[in-house]
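Taking it in order: structure first as structure tokens, then the write-up.
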Amino acid sequence: MKLTLPENAPFSCSQKMWIKGFLDGINSTIQQQSNPSQPSLTEPSTASGKSITIAFGSQTGTAESLSKKLSKKLNSKGCISSIRDLASMTPDDLKNIEHLLLITSTYGDGEPPDNAATFHRLLHEETAPPLNTLAYSVLALGDSSYAEFCKCGRDFDQRLAALGAKRITPIVECDVDYDDPFESWTSQIELGLSAA
Numbered sequence: 003m004k005l006t007l008p009e010n011a012p013f014s015c016s017q018k019m020w021i022k023g024f025l026d027g028i029n030s031t032i033q034q035q036s037n038p039s040q041p042s043l044t045e046p047s048t049a050s051g052k053s054i055t056i057a058f059g060s061q062t063g064t065a066e067s068l069s070k071k072l073s074k075k076l077n078s079k080g081c082i083s084s085i086r087d088l089a090s091m092t093p094d095d096l097k098n099i100e101h102l103l104l105i106t107s108t109y110g111d112g113e114p115p116d117n118a119a120t121f122h123r124l125l126h127e128e129t130a131p132p133l134n135t136l137a138y139s140v141l142a143l144g145d146s147s148y149a150e151f152c153k154c155g156r157d158f159d160q161r162l163a164a165l166g167a168k169r170i171t172p173i174v175e176c177d178v179d180y181d182d183p184f185e186s187w188t189s190q191i192e193l194g195l196s197a198a
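The numbering of the sequence shown is this note's numbering, which starts it at 3 and goes up by one.
Written out as structure tokens, the structure is:
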């Protein structure tokens with residue numbers, strides 16, 4: 003038996019993502035109990051050994067802090083993660099990255115944070131390289147009281163896909179209370195990397 007959330011469940015997108023991650027964890031536990039020869043998500047899985055770049059765009063330090071937390075968790079699962087400030091990256095760098103996890107806030111009226119502004123501009127230029135070998139996921143941080151809620155994260159997600167990159171998981175948009183959506187996204191990342 004697999005637990006699922008009905009498509010018409012009366013929850014917001016971020017709530018559905020969190021519930022889906024929670025149910026995936028329960029389903030994994032149920033599967034483990036019925037088939038103990040399968041590897042557990044708490045043990046090194048097929049995600050083990052994968053090289054992952056976690057890039058952040060941060061105005062106040064939240065995205066950077068979440069990047070460090072995610073890196074620590076993935077490394078404990080046997081992945082090899084590195085953290086990059088978007089200020090130190092160009093779109094050409096993405097050609098040499100296999101797995102990108104991008105955590106970014108939106109600043110002001112839908113603008114990228116200061117450290118991500120140049121990368122954002124270059125990625126949206128016509129000269130940006132094709133990214134057919136890149137797998138990625140975006141965690142967008144924002145405040146729903148602003149009209150352009152999570153716009154920078156959406157911009158990155160849409161542009162990476164337009165350049166040929168493949169999503170590991172759908173974008174997760176976080177309001178000011180980001181803990182639960184972050185944990186759900188992290189669980190989805192682990193499952194997505196294991197399946198990749």
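Just so it is clear, CB atoms sit at the ideal spot from N, CA and C, and this is done for glycine as well.
Here the structure is a predicted model, which means the values were calculated and not measured.
Asked: Taking the alpha carbon of T135 as the reference point, which residue from G59, Y148, S78, L162 has its own alpha carbon closest?; Found: L162
Asked: Could you give the residue range of the beta strand (DSSP E) that holds I56?; Found: 53-59
Asked: Tell me the rounded alpha-carbon separation between Q61 and C154.; Found: 12 angstroms
Asked: Is the stretch 75-82 touching the stretch 130-148, taking contact as three or more C-beta pairs under 8 angstroms?; Found: no
Asked: Cα separation between A149 and T108?; Found: 11 angstroms
Asked: Buried or exposed for P12, please, with buried defined as at least 16 other CB atoms from any protein chain shown within 10 angstroms of its CB.; Found: exposed
Asked: Output the distance between the C-alpha atoms of K71 and T64, rounded to the nearest integer angstrom.; Found: 11 angstroms
Asked: Beta-carbon within less than 7 angstroms of T188's beta-carbon, same chain only, minus the 5 sequence neighbours each way: which residues are those?; Found: L72, K75
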